[in-house]
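Student: To convert, note that position 64 of the sequence shown is 64 in the numbering used here; the numbers rise steadily by one, no gaps.
From the three backbone atoms N, C-alpha and C, an ideal C-beta is built for every residue, glycine too.
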Amino acid sequence: MATLHLLSHSPFADSRLSSCLHLLSVGDGLLLSGDAVYALQPGTAQRQALELLPEGIALFALDEDIAARGLKDLPKQLRQVDYPAFVELCCRYARTNAWL
Numbered sequence: 001m002a003t004l005h006l007l008s009h010s011p012f013a014d015s016r017l018s019s020c021l022h023l024l025s026v027g028d029g030l031l032l033s034g035d036a037v038y039a040l041q042p043g044t045a046q047r048q049a050l051e052l053l054p055e056g057i058a059l060f061a062l063d064e065d066i067a068a069r070g071l072k073d074l075p076k077q078l079r080q081v082d083y084p085a086f087v088e089l090c091c092r093y094a095r096t097n098a099w100l
């Protein structure tokens, strides 16, 4: 069953992103919001890990959070979504897992 993983905490504060990446399976999605979008910063180990995700794992981020943090030069496989698309993603996947 495909799962949408929701991550909102800074990838530099703890190991949630790393733990999440180890549990992702083909067909799953990862949506970054809040401070989790800092994982998209070029030149970081977190960005490199996201760029190495298998093709069958979708990567999403809230466009509002990307803009608020002034991030540019984003990974090619990233799909930026707004809040209505976020809700649609939660309905599309069989399960959601919030990494609180």
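#1: Report the start-end ranges of each alpha helix (DSSP H) in the region 4-84 that is 4 residues or longer and not cut off at the edges.
#2: Would a C-beta distance cut-off of 7 Å place residue 46 and residue 75 closer than the cut-off?
#3: Would you say the beta carbon of residue 96 is closer than 6 Å to some non-hydrogen atom of the ligand ADP?
#4: Are there 16 or more other CB atoms within 10 angstroms of the CB of residue 82, so buried, or fewer, so exposed?
#5: Using alpha carbons as the reference points, say which of 18, 58, 53, 92 lies closest to residue 31.
#6: With residue 53 and residue 29 assumed to form a contact (beta carbons below 8 Å), what rounded beta-carbon distance in angstroms separates them?
#7: Beta-carbon separation of residue 87 and residue 65 under 7 Å?
#8: For residue 61, count the other beta carbons within 10 Å of its own beta carbon; 16 or more makes it buried, fewer makes it exposed. Which is it?
Tutor: Taking the structure as given:
#1: Listed in chain order, they are 16-23, 45-51, 63-68.
#2: Not a contact, by the Cβ cut-off of 7 Å.
#3: The ligand ADP is not part of this structure, which contains no ligands at all.
#4: Exposed, by the Cβ-count rule.
#5: The option with the nearest alpha carbon to residue 31 is 58.
#6: Rounded, the Cβ-Cβ distance is 10 Å, inconsistent with contact.
#7: Cβ distance not < 7 Å, so residue 87 and residue 65 don't count as in contact.
#8: Here residue 61 is buried. Its C-beta has 16 or more other C-beta atoms within 10 Å.
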